[in-house]
Amino acid sequence: MLQAAMALRKQETSLSIPQVLDLLKHSEGMEAVDVQEISKSTLNRQLNRRGAKKNRPKMEAGTFQRWQQKFVNDLWQGDCSDGLWLPDPSNPKRFKKTYLISFVDDASRVVPHAQFYWDMKLPSLLDCFRKALLKRGKPERTYCDNAWIYHSTTLKLLCAELDIKPSFCTVKRPPGKGKIERHIFTVQAGFNNVAEHAGINTLDELNSFFFAWLSGKYHKNVHSELEGKMSPMERWQLDKERIKRVSPVELRRGLMMRCSRTVNRKTSSVRVDNLHYQASLALAGEQVEVRFHFNDDSEVEIWQRGKLIEIARPVVVGTNIDFSKYPGKTKEEPRGTTYPAFKAYRMALVEQEKPDAGTFVAPSTLITQGEFLDLFTEVLGSVLSESQREFLIDFFLRHAPFNKEKVKVRLEQTVEAAGAHMHMRAYCERLFEAVVQTRR
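Position in the sequence shown (from 1) plus 460 gives the number in the working numbering.
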């Protein structure tokens with residue numbers, strides 16, 4: 461057993477004793493060994509005597525005052541760091557570096573969300589922050605370094621709409637945000653050094669392993685700096701009644717990126733990220749604000765003077781010009797004669813059918829994400845796979861809110877007409893046509 465432990469420590473000198481014991485369980489010929497009976501201090505002493513010492517990185521010199529928030533979600537610390545090198549999806553013969561984007565709750569050390577990405581750009585940060593808010597509620601304040609993405613207009617507007625106060629550390633003083641720095645060190649010394657040798661070839665495999673490590677190891681291990689020697693998750697549970705949840709509707713609205721544009725006078729279009737979106741002719745030459753989601757280029761919102769004017773979609777280039785769409789080119793049609801019966805019918809129908817409340821729907825009529833997934837399971841008559849659940853959750857977050865009854869009726873109609881064995885995309889397209897497009 462000792463020889464196997466020495467071999468592991470020599471393969472990766474940064475392994476801690478708990479990591480060595482975890483890996484021993486899966487080492488060849490060690491299946492029968494009960495690692496729970498092995499003394500950590502004894503094993504550490506024996507490894508040190510035999511020259512298999514742990515390589516400890518140098519810490520920054522200086523003394524610093526300790527501080528900690530009283531309750532969970534009083535403060536989240538955020539930062540980015542380098543990750544592992546993985547095969548480049550666009551060129552498997554080359555390797556590409558990943559980056560870790562993390563948020564840590566100051567009081568409990570719980571990680572609201574952390575994930576590896578291919579870059580440290582704003583869309584990746586927004587994706588990580590969105591998932592953190594949905595999983596752990598909203599913090600009173602954030603505390604990040606001075607990277608430009610943390611000072612972005614989109615992130616500031618999101619924080620303003622959700623009443624979150626952003627704050628920033630002193631430049632070039634990483635110990636000022638010691639908890640997130642310590643979390644990153646723990647990931648590098650407790651996860652990266654194992655993941656690097658675990659046969660990981662894709663970003664999905666890396667994140668799948670990382671999420672399992674967070675929930676199974678990091679959140680459950682006793683944290684020496686927490687009062688009562690609790691684990692981060694145990695400390696989080698003490699304040700769970702104080703957590704303020706964020707609805708998908710609030711989050712979707714707050715996460716929209718914004719930019720000012722002048723609508724093209726000749727084509728009545730606006731350009732966003734190299735895509736042209738068609739606005740109405742009346743807006744040609746006007747100054748507007750364009751709002752859009754960083755992970756959805758199917759449409760943008762056109763705002764003017766604080767009001768939503770219209771939804772613009774990508775320009776479809778045709779083979780001919782339809783001159784009838786331009787002012788002065790349409791032939792005026794004669795106004796139809798008003799007949800008493802027609803008018804009476806219109807008035808009666810208007811009186812009978814009250815106008816749709818649109819987005820101002822009572823909260824009780826809206827379907828939650830969990831109910832949305834349960835409804836699909838019930839109507840399709842089968843348990844959803846992990847990939848199906850991820851697809852439906854992504855669709856829900858993009859297009860919520862939904863009316864419960866409308867979703868149920870449309871889904872049942874689709875199953876009755878086409879069966880219960882289509883791809884989730886087909887059912888979502890029917891919902892999009894019947895529920896989403898009709899409210900615009």
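We put the CB at the ideal spot given by N, CA and C, even for glycine. Keep in mind the model is a prediction, meaning the values are calculated, not measured.
Residue burial classification, residue i (beta-carbon count within 10 angstroms, cutoff 16)
{"i": "Asp605", "result": "buried"}
{"i": "Leu462", "result": "exposed"}
{"i": "Ser842", "result": "exposed"}
{"i": "His683", "result": "buried"}
{"i": "Ser584", "result": "buried"}
{"i": "His643", "result": "buried"}
{"i": "Trp761", "result": "Note on identity: in this sequence residue 761 is Glu, with Trp being the wrong assignment. Counting Cβ neighbours within 10 Å, Glu761 comes out buried, since at least 16 surround it."}
{"i": "Lys789", "result": "With a pLDDT of 47 at Lys789, under the threshold of 50, the modelled position of this residue cannot be trusted; read the value that follows with caution. Exposed."}
{"i": "Gly745", "result": "exposed"}
{"i": "Phe671", "result": "exposed"}
{"i": "Gly543", "result": "buried"}
{"i": "Ser728", "result": "buried"}
{"i": "Pro552", "result": "exposed"}
{"i": "Ser675", "result": "exposed"}
{"i": "Asp925", "result": "One cannot answer for residue 925 here, as it falls past the ends of the chain, which runs 461 to 900."}
{"i": "Lys966", "result": "In this structure the chain extends from 461 to 900, so residue 966 is not present and cannot be described."}
{"i": "Ser562", "result": "buried"}
{"i": "Ala877", "result": "exposed"}
{"i": "Ser568", "result": "buried"}
{"i": "Arg590", "result": "buried"}
{"i": "Thr523", "result": "Note that Thr523 scores a pLDDT of 48, beneath 50, so its modelled location is shaky and nothing firm can be said."}
{"i": "Lys637", "result": "buried"}
{"i": "His611", "result": "exposed"}
{"i": "Glu641", "result": "buried"}
{"i": "Arg901", "result": "Not covered by the structure: residue 901. The range shown for the chain is 461 to 900."}
{"i": "Ala467", "result": "exposed"}
Close Cβ partners of residue i (< 7 Å) along its chain, the five nearest in sequence each way excluded
{"i": "Phe820", "result": "Caution is warranted here: a pLDDT of 39 is assigned to Phe820, below 50, making its placement in the model unreliable, and the coordinate value is therefore given only provisionally. Same-chain partners within the cutoff: there are none."}
{"i": "Ala860", "result": "Pro708, Val709 and Arg712"}
{"i": "Thr473", "result": "Lys514 and Asn515"}
{"i": "Pro572", "result": "Trp536, Phe563, Asp565, Ala592, Lys595 and Arg596"}
{"i": "Leu622", "result": "Lys598, Val706, Glu710 and Gly714"}
{"i": "Arg870", "result": "Arg890, Leu891, Ala894 and Val895"}
Same chain, Cβ closer than 6 Å to residue i, neighbours up to 5 away in sequence not counted
{"i": "Gln873", "result": "none"}
{"i": "Ser845", "result": "none"}
{"i": "Thr722", "result": "Gln747"}
{"i": "Val706", "result": "Leu593 and Lys598"}
{"i": "Thr662", "result": "none"}
{"i": "Pro626", "result": "Thr602 and Cys619"}
{"i": "Val901", "result": "Given a span of 461 to 900 for the chain in the structure shown, any question on residue 901 remains unanswerable."}
{"i": "Asp816", "result": "Unreliable positioning characterises Asp816 in this predicted model, as indicated by a pLDDT of 42, which lies under 50. A coordinate reading is not provided."}
Other residues of its chain near residue i: CB distance less than 8 Å, five sequence neighbours each side excluded
{"i": "Ser476", "result": "Lys514, Ala649 and Gly650"}
{"i": "Asp438", "result": "Lying outside 461 to 900, the shown extent of the chain, residue 438 is not represented and no answer is given."}
{"i": "Phe851", "result": "Met884, Arg885 and Cys888"}
{"i": "Leu559", "result": "In the sequence as presented, Leu is not what sits at residue 559; that position holds Tyr. Here the set comprises Cys540, Ser541, Asp542, Gly543, Phe576, Tyr577, Trp578, Asp579, Met580 and Ser584."}
{"i": "Lys418", "result": "Because the chain in this structure spans residues 461 to 900, residue 418 falls outside the shown range and cannot be described."}
{"i": "Arg530", "result": "The amino acid at residue 530 is misidentified as Arg; the sequence shows Lys. Contacts found: Ala567."}
Identified DSSP bridge partners for residue i
{"i": "Ser847", "result": "DSSP, once it has assigned bridges, lists no residue as partnering Ser847."}
{"i": "Arg773", "result": "Gln738"}
{"i": "Phe628", "result": "Cys604"}
{"i": "Glu749", "result": "Ser720 and Trp763"}
{"i": "Asp423", "result": "The chain is shown from 461 up to 900; residue 423 falls before or after that span and cannot be answered."}
{"i": "Leu768", "result": "Trp763"}
{"i": "Val571", "result": "According to DSSP, which records beta bridges pairwise, Val571 is partnered with nothing at all."}
{"i": "Asp756", "result": "His753"}
{"i": "Val732", "result": "Leu735"}
Closer than 6 Å: residue i CB and nearest the ligand NAP heavy atom
{"i": "Val571", "result": "Here there are no bound small molecules, and the ligand NAP is not part of this structure."}
query: At what residue ranges does the segment 648-730 contain a whole run of the beta strand (DSSP E), taking only runs of 3 or more?
result: 717-722
field: Contained alpha helix (DSSP H) runs [length at least 4] in the segment 575-606, N- to C-terminal order
entry: 582-596
- prompt: What runs of the beta strand (DSSP E), each 3 residues or longer, lie entirely inside the segment 500-569?
  reply: 536-548 and 551-565
- prompt: Three or more beta-carbon pairs under 8 Å between the segment 527-536 and the segment 587-605, yes or no?
  reply: yes
message: Report the start-end ranges of each alpha helix (DSSP H) in the segment 825-886 that is 4 residues or longer and not cut off at the edges.
response: 829-840, 846-859 and 864-878
- prompt: Using 8 Å as the Cβ pair cut-off and three pairs as the minimum, do the segment 714-725 and the segment 743-752 touch?
  reply: yes
- prompt: Pairing CB atoms from the segment 833-842 with CB atoms from the segment 875-883, are three or more of them under 8 Å?
  reply: yes
query: Between the segment 739-748 and the segment 765-773, do at least 3 Cβ pairs fall closer than 8 Å?
result: yes
- request: Determine, using beta-carbon pairs with one atom in the segment 676-691 and one in the segment 652-668, whether at least three such pairs fall under 8 Å.
  value: no
query: So, do the segment 696-707 and the segment 592-599 have three or more beta carbon pairs nearer to each other than 8 Å?
result: yes
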